[in-house]
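Participant: Below: one structure in structure tokens.
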Amino acid sequence: MRTLADPPRLIDDPELGQALRLTAGDHLSEQELARSAEVVARRISAITASAAYGTGAATGMLAGVGAKVALVLIIALGAGLGGVVLFLDQRAPTASATAAAETTTPDEPAQPKPGGVTVPEQSVVSSPSAVAGRNPTAPEEMKASRPTRPQAVEPSSSDLPAQLILYDEAKRAGGAGDYERALALLDQLEQRFARTMLQPEIDLSRVDWLARSGRDEEALTMVAKMVRDPAHQGKSAQLYRLSGDLWRRSGDCRRAREAYAQALSRGLPPVDAASARRAAGACRQP
Amino acid sequence: MGREILKLGSRCGDSPSGAMQPGDIPTESRGDLDIGALFAAHAPFLGRVIRRYTGSGPHVDDLLQETFIVAFKKRRDFEGRSSVETWLYGIAARLCWRHGRGLRRFDRLRKTLAGREIQHEAEPPGRSLERRDAVAAVHAVLKKLPNKQREVFVLYELEEREGNEIAALLEVPLGTVWTRLHQGRKTFTKLMRRHPPDGDSP
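Protein sequence lines, in the order shown, are assigned to chains A and B. Under our numbering, think of the first position of the first sequence as 1138, with each following residue one higher. Under our numbering, think of the first position of the second sequence as 2, with each following residue one higher.
Here is the structure:
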């Protein structure tokens, strides 16, 4: 069942719908699934048998541990032709025997990084430079410069495409280096759609463009709020790192080192962590 | 040994509701999942997404089988922080991306040696020509999408999952699902218009 907020599907599109419908109807056949089930059953049998034999736990296996591994396969058929039942009864060896004997080859690739929106991996603050004539204050003391959000409005089903188009336009402007326009488009987006579900993406883009356009104080204010926001929990390490870069650029090495330390404690990827450590060490008070 | 009931698609931390419902997957104990029952429950879905992520061919069966073998080997690593479906999907998706990377490296080598385009799409026999062309065209375009966009596109457009289901499956925020879908649809539409199934380019 589609929720109100879900956009219309391309499968209903007059131009592309036919090809998508044909593809959507393309399932693995019963025979293909049954074949795969058989192979899986055989390979699991081989693994468990090898584990028991390898550790001399055959006796224990035959005696039974109470862990009966039954591979029961029932293929649910959309066409209602009936079912295929494959039952393979194996007594599993003890957990410790299996763990000792099973090979632990790295057959599964590394876990992907959590979260979907990327904060720029490279620091947007390329070199530390004192901000002449300015005395940067801590983020908590700064006031936000962007307009406050209007009262919350429930999003309608037609809002999402418009939001995405506007956000897309902002990203194009930001990608072209027109940060003022990109930020103005984000303001527009937030004013028109107060409770947009794109808010986490908007926040990350905004702080990125503020930093790139040299609006360090505003960027630091945003980062201070974002690291306390559960929606950005997965990006807190990168956000603290950005904060460190911004403080370093402003010449406040104490705050920069504190921010880098926070970033490192939250788990930066190795390359970023090395870069953060170097930056913290290299920071020199003007 | 205690029995924990895992509802299909639900988080393992949820309290069992009592009587088993259709789709509930019994487990002998935490860390000893019933792979057979998991195969019955999830193989059709995983097989479809594997085919859509990697195209048709004998490798689809291999990747599907490998998903469950990996799940069996890693069954004690499943801590129940996500649903079983999310866990299995993650295994299948990573195998698909690794397969794609390996194939591209192999393709480059073969192209260098043979000096020609490599076709991997192996359509099962018995399909109508129109259907084969349409499905092949969609698969070819899907392969050109970045992995993250392809995932969301397939799950939303072809599997007809809801946005919040996809967000739970991929463990990303809902807004991320929509931005990836938006980009994926733009790219998909552009490429399909360039190479429509009937072979006539605009």
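Quick reminder that beta carbons are idealized off the backbone N, C-alpha and C, glycines included.
Are the stretch 1395 to 1409 of chain A and the stretch 1374 to 1381 of chain A touching, with three or more C-beta to C-beta distances below 8 Å?
Facilitator: Touching, yes, given that three or more Cβ pairs across the two stretches are closer than 8 Å.
Participant: Just how far apart, CA to CA, sit alanine 1361 of chain A and aspartate 1409 of chain A?
Facilitator: As a first step, residue 1361 of chain A is located in the first sequence; it is residue number 224 there, counting from the start. As a first step, residue 1409 of chain A is located in the first sequence; it is residue number 272 there, counting from the start. Answer to the nearest angstrom: the Cα atoms are 20 Å apart.
Participant: Beta carbon of leucine 1323 of chain A, beta carbon of serine 1342 of chain A: below 8 Å?
Facilitator: In the first sequence, the residue the question calls residue 1323 of chain A occupies position 186. In the first sequence, the residue the question calls residue 1342 of chain A occupies position 205. Yes, Cβ-Cβ distance for leucine 1323 of chain A and serine 1342 of chain A is below 8 Å.
Participant: Would DSSP call serine 1342 of chain A helix, strand or coil?
Facilitator: Position 205 of the first sequence holds residue 1342 of chain A. Note: serine 1342 of chain A maps to helix in three-state DSSP.
Participant: Please determine if the stretch 173 to 187 of chain B and the stretch 139 to 150 of chain B are in contact, where contact requires at least 3 C-beta pairs separated by less than 8 Å.
Facilitator: Yes, since at least three Cβ pairs between the stretch 173 to 187 of chain B and the stretch 139 to 150 of chain B fall closer than 8 Å, the two stretches touch.
Participant: Determine, using beta carbons only, whether leucine 1376 of chain A comes closer than 8 Å to chain B.
Facilitator: For this step, residue 1376 of chain A is matched to residue 239 along the first sequence. For leucine 1376 of chain A, the answer is no, since every Cβ of chain B falls outside 8 Å of its Cβ.
Participant: Quick one: which residues of the stretch 1321 to 1344 of chain A get their C-beta closer than 8 Å to a C-beta of chain B? List them in chain order.
Facilitator: So the close ones are Thr1333, Met1334, Leu1335, Gln1336, Pro1337, Glu1338.
Participant: Which residues, in order along the stretch 1163 to 1178 of chain A, keep a beta-carbon less than 7 Å from a beta-carbon of chain B?
Facilitator: Residues passing the 7 Å Cβ filter: Asp1163, His1164, Leu1165, Glu1169, Leu1170, Arg1172, Ser1173, Ala1174, Val1176, Val1177.
Participant: Spell out whether any CB of chain B is found under 8 Å from the CB atom of aspartate 1143 of chain A.
Facilitator: Sequence index remark: in the first sequence, residue 1143 of chain A carries index 6 (1-based). It does: the Cβ of aspartate 1143 of chain A has a partner Cβ on chain B nearer than 8 Å.
Participant: List the whole-angstrom C-beta distance separating alanine 1393 of chain A from alanine 1411 of chain A, where the pair is believed to meet the contact cut-off of C-beta under 8 Å.
Facilitator: The count along the first sequence starts at 1 and reaches residue 1393 of chain A at position 256. The count along the first sequence starts at 1 and reaches residue 1411 of chain A at position 274. With a Cβ gap of about 16 Å, alanine 1393 of chain A and alanine 1411 of chain A do not count as contacting.
Participant: Quick check on arginine 1415 of chain A: buried or exposed, where buried means 16 or more other Cβ atoms within 10 Å of its Cβ?
Facilitator: Translated into the one-based positions of the first sequence, residue 1415 of chain A becomes position 278. Arginine 1415 of chain A is exposed by the Cβ-count criterion.
Participant: Could you please tell me which residues of the stretch 1150 to 1161 of chain A, in chain order, have their CB closer than 9 Å to any CB of chain B?
Facilitator: Answer in chain order: Asp1150, Glu1152, Leu1153, Gln1155, Ala1156, Leu1157, Arg1158, Leu1159, Thr1160, Ala1161.
Participant: Please list the partners that valine 139 of chain B has in chain A, where partner means a Cβ-to-Cβ separation under 7 Å.
Facilitator: Stepping through the second sequence from its first residue, residue 139 of chain B is reached at position 138. Simply Ala1156, Leu1157, Thr1160.
Participant: Listing by chain order, which chain A residues have their CB less than 8 Å from the CB of glutamine 66 of chain B?
Facilitator: Taking the first residue of the second sequence as position 1, residue 66 of chain B is located at position 65. Residues of chain A passing the Cβ test: Ser1173, Val1176, Val1177, Arg1180.
Participant: Closest to glutamine 1370 of chain A by C-alpha separation, out of A:Glu1152, A:Asp1149, A:Gly1404, A:Asp1150, would be which residue?
Facilitator: Indexing the first sequence from 1 puts residue 1370 of chain A at position 233. Nearest C-alpha to glutamine 1370 of chain A: A:Gly1404.
Participant: Going along the chain, which residues of the stretch 38 to 49 of chain B sit with their C-beta nearer than 8 Å to a C-beta in chain A?
Facilitator: Residues Ala38, Phe40, Ala41, Ala44, Pro45, Gly48, Arg49.
Participant: Run through DSSP, which three-state label would serine 1187 of chain A get?
Facilitator: Looking up residue 1187 of chain A in the first sequence gives position 50. Helix at serine 1187 of chain A.
Participant: Let me make sure I understand the geometry here. Which of B:Val71, B:Trp179, B:Pro45, B:Glu163 has the alpha-carbon closest to that of serine 1166 of chain A?
Facilitator: For this step, residue 1166 of chain A is matched to residue 29 along the first sequence. If we check each option's Cα against that of serine 1166 of chain A, B:Pro45 comes out closest.
Participant: Could you tell me which of B:His140, B:Glu80, B:Gly81 sits nearest to leucine 159 of chain B, measuring between CA atoms?
Facilitator: Position 158 of the second sequence, counting from 1, holds the residue named residue 159 of chain B. Closest by alpha carbon: B:His140.
Participant: Whose CA, out of B:Phe40, B:Asp134, B:Arg82, B:Leu64, lies closest to the CA of alanine 94 of chain B?
Facilitator: As a first step, residue 94 of chain B must be located in the second sequence, where it is residue number 93. Nearest option by C-alpha distance: B:Leu64.
Participant: Exposed or buried, which one is arginine 77 of chain B when buried takes at least 16 other CB atoms within 10 Å?
Facilitator: Here residue 77 of chain B refers to the residue found at position 76 when the second sequence is read from its first residue. It counts as exposed.
Participant: Please name the residue, chosen from B:Lys191, B:Glu172, B:Thr177, that lies closest to valine 85 of chain B on a Cα-to-Cα basis.
Facilitator: Along the second sequence, read from residue 1 onward, the residue named residue 85 of chain B stands at position 84. Nearest option by C-alpha distance: B:Glu172.
Participant: Use the C-beta contact count for threonine 68 of chain B: other C-beta atoms within 10 angstroms, 16 or more gives buried, fewer gives exposed.
Facilitator: The residue you call residue 68 of chain B lines up with position 67 of the second sequence. Counting Cβ neighbours within 10 Å, threonine 68 of chain B comes out buried, since at least 16 surround it.
Participant: Nearest to glycine 56 of chain B by CA position, among B:Ala138, B:Lys75, B:Gly81, is which residue?
Facilitator: What you label residue 56 of chain B is simply residue 55 of the second sequence in a count that begins at 1. The option with the nearest alpha carbon to glycine 56 of chain B is B:Ala138.
Participant: Please classify proline 174 of chain B as buried or exposed, where buried requires at least 16 other C-beta atoms within 10 Å of its C-beta.
Facilitator: Locating residue 174 of chain B in the second sequence gives position 173, counting from the first residue. By the neighbour-count rule (16 or more Cβ atoms within 10 Å), proline 174 of chain B is buried.
Participant: If we ignore side chains and look at the alpha-carbon of each, how far apart do tryptophan 1384 of chain A and cysteine 1390 of chain A end up?
Facilitator: As a first step, residue 1384 of chain A is located in the first sequence; it is residue number 247 there, counting from the start. As a first step, residue 1390 of chain A is located in the first sequence; it is residue number 253 there, counting from the start. Rounded to whole angstroms, tryptophan 1384 of chain A to cysteine 1390 of chain A spans 7 Å at the Cα level.
Participant: Go to arginine 76 of chain B, then tell me how far its alpha helix (DSSP H) extends in each direction, as first and last residue.
Facilitator: Taking the first residue of the second sequence as position 1, residue 76 of chain B is located at position 75. Here arginine 76 of chain B belongs to no alpha helix (DSSP H), and DSSP marks it neither H nor E.
Participant: Considering only the alpha carbon of each residue, which of B:Ile70, B:Val61, B:Tyr54, B:Met193 lies closest to threonine 1185 of chain A?
Facilitator: Taking the first residue of the first sequence as 1, we reach residue 1185 of chain A at position 48. Nearest C-alpha to threonine 1185 of chain A: B:Ile70.
Participant: Taking the alpha-carbon positions, what's the histidine 60 of chain B to serine 1173 of chain A distance?
Facilitator: Sequence index remark: in the second sequence, residue 60 of chain B carries index 59 (1-based). Sequence index remark: in the first sequence, residue 1173 of chain A carries index 36 (1-based). Distance between the alpha carbons of histidine 60 of chain B and serine 1173 of chain A is about 11 Å.
Participant: So for serine 1182 of chain A, helix, strand or coil by DSSP?
Facilitator: Taking the first sequence and counting its residues from 1, one reaches residue 1182 of chain A at position 45. The answer is helix: DSSP assigns serine 1182 of chain A an H, G or I state.
Participant: Give the range of the alpha helix (DSSP H) segment to which methionine 1363 of chain A is assigned.
Facilitator: By 1-based counting over the first sequence, the position of residue 1363 of chain A is 226. Unbroken alpha helix (DSSP H) run through methionine 1363 of chain A: 1353 to 1363.
Participant: How many Å lie between valine 1096 of chain A and leucine 156 of chain B at the Cα?
Facilitator: Since the displayed chain A opens at 1138 and closes at 1423, residue 1096 of chain A lies outside it and no answer follows.
Participant: Interface residues of chain B around leucine 1297 of chain A at Cβ under 8 Å?
Facilitator: Residue numbering aside, residue 1297 of chain A sits at position 160 when the first sequence is read from its first letter. Within 8 Å Cβ-Cβ: Trp179.
Participant: What is the rounded straight-line gap between the Cα of arginine 82 of chain B and the Cα of alanine 38 of chain B?
Facilitator: The residue labelled residue 82 of chain B in the question sits at position 81 within the second sequence. The residue labelled residue 38 of chain B in the question sits at position 37 within the second sequence. Spanning the two alpha carbons is a distance of roughly 20 Å.
Participant: What do you reckon, are the CB atoms on tyrosine 1304 of chain A and glutamate 1338 of chain A nearer than 8 Å?
Facilitator: Reading the first sequence from its first residue, position 167 is the one you call residue 1304 of chain A. Reading the first sequence from its first residue, position 201 is the one you call residue 1338 of chain A. In contact: tyrosine 1304 of chain A and glutamate 1338 of chain A (Cβ atoms closer than 8 Å).
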